[in-house]
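Here the structure comes first, spelled out in structure tokens, and everything after it is commentary.
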Ligand SMILES: Cc1cc2nc3c(=O)[nH]c(=O)nc-3n(C[C@H](O)[C@H](O)[C@H](O)COP(=O)(O)OP(=O)(O)OC[C@H]3O[C@@H](n4cnc5c(N)ncnc54)[C@H](O)[C@@H]3O)c2cc1C
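In my numbering, the protein residues as written are 18 to 417.
Next comes the structure, spelled out in structure tokens:
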């Protein structure tokens with residue numbers, strides 16, 4: 018690909034996650050012929066909600082993480098595997114770690130968030146997150162090691178009882194067949210505080226059935242190589258618990274990925290405060306999408322669903338800006354929520370249904386696959402399981 022031979026300055030999208038890819042897809046659908054360049058530091062899109070199924074082998078890497086090069090040739094955009102290190106907002110340029118400079122006409126920044134290891138001393142050395150393929154590989158190795166060993170080790174501690182902590186606890190527990198205790202720690206007074214109540218109830222049930230112990234109103238105060246200390250959030254009782262642990266998985270805090278080049282945009286909460294059009298006022302040619310954003314006027318959660326809806330809107334706003342038309346404000350349309358709760362199990366609230374169990378698991382899997390960027394590509398390669406007799410039988414032979 019020769020970047021010098023582009024007919025005009027391209028629209029550049031930084032970060033090929035849910036937000037970035039949704040923007041690219043919507044831009045291509047509304048195309049006015051301007052080139053669209055997607056830049057990501059990795060070579061694969063990662064469908065994070067299906068990481069648990071990748072861990073359990075219920076889905077394979079090619080289903081959960083298609084290569085950008087395949088998506089680019091299917092959807093017809095230019096892909097560049099580069100790490101962006103600098104933005105020159107005045108000259109409308111981005112600069113990558115291998116010193117490639119690209120002048121943009123409009124820029125979309127959707128570089129997402131990752132585990133924040135700065136929240137506690139020693140965390141970087143002793144904990145593992147669960148937000149990318151490297152984390153997945155570390156935890157997969159751990160599960161294999163546990164299953165190949167005859168000894169039972171100290172508990173696995175998971176910090177954070179939000180969706181990632183709860184879903185991961187259930188899946189790991191099933192994968193190690195309850196052989197090792199899992200401790201789920203959260204400083205709040207309930208698990209899944211922002212989830213729908215039906216899903217929370219089903220999740221509580223799923224946890225009760227497994228070898229998972231929940232510590233609510235506790236936070237991890239310190240961590241060392243072999244032990245960690247929990248402290249009660251109630252300063253009057255001032256309870257401490259010392260735990261000899263085998264593995265610490267941290268799902269209790271996120272920060273922007275490689276934040277240096279967007280550092281000046283971030284507020285004290287490590288978010289980019291955008292206006293309702295997903296811009297900041299100083300630079301109307303730059304749009305922001307996904308987990309790095311927050312908006313005071315119309316607050317929205319951080320989720321794949323939000324990132325995808327923002328991506329579509331931003332593409333529409335870029336076209337409007339180029340044509341001199343009015344921009345549209347972002348409004349989140351909550352379609353519902355799905356949780357993975359162990360092998361072959363899930364819970365769904367929304368999408369017109371409230372359902373838990375194996376059928377919910379199949380519906381979740383199919384619903385997510387249909388949201389996979391370049392769905393036609395996935396459809397071709399994974400048609401075998403999507404249209405499999407098994408799923409069709411399940412969908413039509415069971416009543417919710
Ligand atoms: C385990 C897990 C399960 C989840 N389950 C759900 C769920 O069930 N439902 C739901 O709605 N949400 C879920 N989420 C949240 C959802 O995945 C995120 O909200 C979503 O990915 C945010 O999209 P994004 O585009 O902002 O960022 P991301 O999808 O994280 O993408 C950011 C991209 O930017 C790239 N990047 C970063 N910095 C640079 C740089 N300097 N140069 C080049 N590229 C860069 C990264 O490589 C990455 O590909 C889950 C998250 C996790 C971790």
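Note that beta-carbon positions come from the ideal geometry of N, C-alpha and C, so glycine has one too.
Is residue i near ligand 1, judged by its Cβ being under 7 Å from some heavy atom?
i, result
"residue 110", "no"
"residue 295", "no"
"residue 312", "no"
"residue 129", "yes"
"residue 180", "yes"
"residue 27", "no"
"residue 419", "Nothing about residue 419 can be read from this structure; the chain reaches only from 18 to 417."
"residue 34", "yes"
"residue 31", "yes"
"residue 65", "yes"
Just to confirm my understanding: we take residue i, look at its own chain, exclude 5 residues before and 5 after, and list those with CB closer than 6 Å. What are they?
i, result
"residue 245", "237, 260 and 262"
"residue 16", "Residue 16 falls outside the range modelled here, since the chain spans only 18 to 417, and no answer is possible."
"residue 27", "52 and 54"
"residue 396", "Annotation note: pLDDT 47 at residue 396 (below 50); position unreliable, coordinate value reported separately. Result list for residue 396: empty, nothing under 6 Å."
"residue 310", "289 and 291"
When you compare only the Cα positions, how much space is there between residue i and residue j?
i, j, result
"residue 112", "residue 103", "5 Å"
"residue 280", "residue 357", "34 Å"
"residue 57", "residue 276", "14 Å"
"residue 195", "residue 169", "10 Å"
"residue 127", "residue 33", "7 Å"
"residue 383", "residue 370", "15 Å"
"residue 265", "residue 224", "18 Å"
"residue 365", "residue 24", "47 Å"
"residue 70", "residue 108", "44 Å"
"residue 35", "residue 255", "42 Å"
"residue 136", "residue 341", "45 Å"
"residue 121", "residue 105", "10 Å"
"residue 31", "residue 190", "36 Å"
"residue 284", "residue 43", "29 Å"
"residue 148", "residue 251", "30 Å"
"residue 141", "residue 219", "33 Å"
"residue 41", "residue 337", "15 Å"
Considering only the alpha carbon of each residue, which of the options lies closest to residue i?
i, options, result
"residue 343", "350, 334, 307 and 349", "334"
"residue 37", "250, 257, 327 and 355", "327"
"residue 22", "222, 119 and 43", "119"
"residue 214", "31, 373 and 291", "373"
"residue 268", "146, 310 and 362", "146"
"residue 202", "172, 43 and 363", "172"
"residue 68", "306, 152 and 86", "152"
"residue 313", "291, 329, 301 and 40", "291"
"residue 375", "143, 360 and 386", "360"
"residue 233", "176, 212 and 355", "176"
Assuming contact is defined by CB atoms lying nearer than 8 Å, are residue i and residue j in contact in what I supplied?
i, j, result
"residue 2", "residue 209", "Missing from the structure shown is residue 2; the chain here goes from 18 to 417 and no further."
"residue 273", "residue 296", "no"
"residue 101", "residue 308", "no"
"residue 73", "residue 188", "yes"
"residue 299", "residue 347", "no"
"residue 230", "residue 198", "yes"
"residue 60", "residue 77", "no"
"residue 192", "residue 82", "no"
"residue 157", "residue 332", "no"
Quick one: residues in its chain with C-beta nearer than 7 Å to the C-beta of residue i, no 5 flanking neighbours on either side, listed in chain order?
i, result
"residue 45", "53, 92, 93 and 94"
"residue 20", "119"
"residue 368", "352, 353 and 384"
"residue 282", "289 and 297"
"residue 349", "317, 323 and 326"
"residue 133", "270, 271 and 272"
Using a Cβ-Cβ cutoff of less than 8 Å, which residues in the same chain neighbour residue i once the five nearest sequence positions on both sides are dropped?
i, result
"residue 117", "20, 97 and 99"
"residue 163", "170, 193, 196 and 197"
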